[in-house]
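Residues 2 to 726, numbered by the working numbering, are exactly what the sequence shown covers, in order.
Glycine is no exception: its CB is placed at the ideal position from the N, C-alpha and C atoms.
Treat the numbers as computed from the prediction; the structure is a model and nothing was measured.
Notes for the one structure printed next.
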Amino acid sequence: MRKNNFSLILGLNLLVLAFVLNACNQQTESTENSSLMYQKTDLPTPVAAKIPKTLSIHGDDRIDNYYWLNDRENPDVIAYLTAENVYKDKMMEHLADFQEKLYQEMRGRIKEDDQSVPYKDNGYFYITRYEQGQEYPIYARKKDNLEAPESIMLNVNELAKGYSFYNVSGLSVSPDNKILAYGEDTLSRRIYTIKFKNLETGELLEDQIPGTTGGAVWANDNKTIFYTTKDESLRPFKVFRHKLGTSASDDVEIWHESDATFATYAYKTKSKKYLVIASFQTLSSEYRVLEADNPTGQWRIIQPRERKLEYDIDHYGDKFYIRTNLDAKNFRLMTTPENATTKDHWTEMIPNRADVLLEGMDLFKDYLVLSERKNGITQLRIMPWAGGEHYIDFGEDAYMAYTSVNMEFDSEELRIGYQSMTTPATTYDYNMKTRAFTKLKQQEVLGGFDPANYKSERLYATAGDGAKVPISIVYRKGFSKDGSHPLLLYGYGSYGNSMDPYFSATRLSLLDRGFAFAIAHIRGGEEMGRYWYEDGKLLKKKNTFTDFIDCADYLVKEQYADKEKLFAMGGSAGGLLMGAVVNMRPELWKGVVAAVPFVDVVTTMLDESIPLTTGEFDEWGNPKDKEYYDYMKSYSPYDNVEARDYPPMMVTTGLHDSQVQYWEPAKWVAKLREMKTDKNPLIMHTNMDAGHGGASGRFRALKETAMEYAFLLDLAGKAEVKVMD
């Protein structure tokens, strides 16, 4: 019915595009700013038809005039999105040359003929490499040593021919090294078809398994794999067993996760003794195991699920190692015998600590490695089974460190990654016995990059309730803290995902034009421990938004930012952050980029057919409960658009986005166009071929980044500024 009603309003679909482009919307751009976008006074904005739909619950009626945009099969919807893209192109046409310059500048920093550091697994060295001018990786391996001939497993450039989007995921080689399983997505909905390739003959097997998460886990018999399928809401919900040479229709269902708030997946322990099925939600988890030598055997539960009991497992020797929040806010490490695994058998190995979050573990024959977060920074703790321990000393206060690919169980070498806001991603082998670093590779940044030209700091803003909110900031040396510089503040603040002080070569295009770039480590992440996450979710979600605003005010007060040139950026749940802060403090921002923003919180969380909804009730709350409905409605960006001035904004989305559906940003932009009283630029870009992660390929994605940076630099009056020497 929505499609028919809309056709009555707009007429023939063939005329829709012309209609929206020529609609006489009086929102035109001012000449009061140096940005040329403000000067396009004769350019009419797209107008979406208003078709009121009443959404009622708890005795409350919400009128949604743009609900009809929730139909990607409706040609009128496609016409509207296309019209917004055309408008975006016209608004930014004066930046076309500059945007291309930024793109070439960013691309020019990339070493195009590059490859990963090889890692060893089961007698082969595995390598991912890129060739000059190619968008996609080549997956290869060498037997026994790096001097051996290269064998190409997959050349994704060849596979991607003829597709506007293409992605390979979940590469997994059989234990006998003969068969490769991999997932293929050609739509960007993160729905993969698993395919199989004979690595000895190069031939594809007839076996194909559609509708999966892309990953395949091999049993030790070299012919049985386990995989996970998705339901209509794209929730991973069933695990199947497949035997090579048989039809997918004959596969055996092993596990059905019937609780809609849980998702499931399968993997193998590093010891390769056990196959594992994990079920998880925001606050609970559950694991089943089966000996990998016996793929048709009976699975057994480690510990039955309990509300608010989280744990994860790995295996070594005759024990399971369990990281858990059982009576431990910041998690502790437990052990339990292989055949007595319920929590009453767990024995504490590493206790809970109020100031340290236990994030993960890596097991080796002679060592246990723990990833621990303290004061917002991840530290790596080396614990020999024979006794004695130490932390790896990186010599910096603010950095990002993590364990990398460590497939070999019997090794003294720990493969680690390291980077900071001034140091490109670096891979080391760290000898856990001698404590010696071997630098294997550092991301090569072309174009004369010198880390000595940049400086980073760790700052702390005081939130309204007294919490100290960390800020990581980077700028080019010569930056004067006199309140004269533009600054881009980035934030996320959800799901307990910590935003580490990472390096970005593309970011140099801002820094070299006088920008500072800052990350606000706001509540909702886990930078400062589990409580930091819990203080930024559910009925405390607004702390995330006020923390971000407090960080912005602090940076202006301390003169890191010109108060007239303060910008904000965030994506996905960080896009929700952007929507909230422009509603709360619209005058604070010179410009905002909201990427794939989750902005229609109430409507989405009431629709359990939408991907991610049911699994996120413990993150946002279930609006079927009036307390959560009222709180959610009080901050949901779409529900709180008012007749007021808003800052210049760029909003991006992907038509096939499986995480934040395209209609959320589309509806938000349509409502902003209707309600806002300013004449500031409002631009929406829809990638009609991609989803949540944007364009596929390593260069195509840069075009979208260049577009966003051109928007920001133009607003800052820096579009023609010479890059610093």
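Short of 7 Å from the beta carbon of K634, and not among the five residues preceding or following it, lie these beta carbons of its own chain, in chain order: V603 and D640. In this structure, A220 keeps its C-beta atom at 9 Å or more from the C-beta atom of L284. The C-alpha of K198 lies about 52 Å from the C-alpha of K627. Here DSSP, grouped into helix, strand and coil, assigns E292 to strand. Fewer than three beta-carbon pairs drawn from the segment 416–424 and the segment 521–528 are found closer than 8 Å, and the two stretches are therefore not classed as touching. For secondary structure counted as the beta strand (DSSP E) over 3 or more consecutive residues, the segment 607–631 holds no complete run. Excluding sequence positions up to five before and after A279, its CB lies within less than 6 Å of the CB of Y266 and Y288, all in the same chain and listed in chain order. Counting every other CB atom within 10 Å of its CB across the protein chains shown gives G134 a total below 16, marking it as exposed. About 5 Å separates the CB atoms of V652 and V670; that is less than 8 Å, so the two are in contact. Per DSSP, A517 is one residue of the beta strand (DSSP E) stretching across A517 to A521. Judged by their CB atoms, E409 and K434 are not nearer to each other than the 9 Å cut-off. Its chain contains H59 and P624 as the residues whose beta carbon lies nearer than 6 Å to that of Y630, once the 5 sequence neighbours on both sides are disregarded; these appear in chain order. Here G467 carries a coil assignment [DSSP, helix/strand/coil]. Secondary structure within the segment 47–104: the beta strand (DSSP E) runs of 3 or more consecutive residues, fully enclosed, are 54–58 and 61–65 (chain order).
In this structure, the straight-line span from the alpha carbon of P352 to that of L460 is close to 30 Å. Of the candidates A50, I474 and T230, the residue whose Cα lies closest to the Cα of D77 is A50.
Using a 10 angstroms sphere on the CB of Y392, the tally of other CB atoms stays under 16, which defines it as exposed. Between P638 and L577, the C-beta gap is smaller than 9 Å, which places the two residues in contact.
Looking at the backbone, the Cα of Y503 and that of D252 are separated by about 43 Å.
The three-state reading of DSSP puts A711 in helix, counting H, G and I together. When C-beta atoms of the segment 480–497 are compared with those of the segment 525–537, three or more pairs fall below 8 Å, so the two segments count as touching. Counting along the chain, G580 sits inside the alpha helix (DSSP H) bounded by residues A574 to M585. Only residues of its own chain outside the window of five on either side were considered, and among them E559, Q560 and Y561 have a CB closer than 8 Å to the CB of K482, listed in chain order.
T687 has its alpha-carbon roughly 8 Å from the corresponding atom of E85. I79 and R73 have their C-alpha atoms roughly 7 Å apart. Taking the CA atoms as reference points, L703 sits about 33 Å from F438. For the pair E528 and P471, the CB atoms are nearer than the 9 Å cut-off.
Judged by DSSP in its simplified three-state form, P211 adopts strand. Per DSSP, the unbroken alpha helix (DSSP H) holding D548 starts and ends at K543 to K558. When the five nearest sequence neighbours on each side are left out, the beta carbons in the same chain lying within less than 8 Å of the beta carbon of F99 are those of A711, L714, D715, A720 and E721, in order along the chain.
The C-beta distance from P598 to V661 rounds to 7 Å, short enough to meet the 8 Å contact threshold.
In the three-state scheme derived from DSSP, where H, G and I count as helix and E and B as strand, V174 is classed as strand. Under the three-state reduction of DSSP output, S152 falls in the strand class. Counting along the chain, the unbroken alpha helix (DSSP H) around N158 starts and ends at V157 to L160. DSSP places W664 in the uninterrupted alpha helix (DSSP H) bounded by W664 to M676.
The three-state reading of DSSP puts H657 in coil, since its state is none of H, G, I, E or B.
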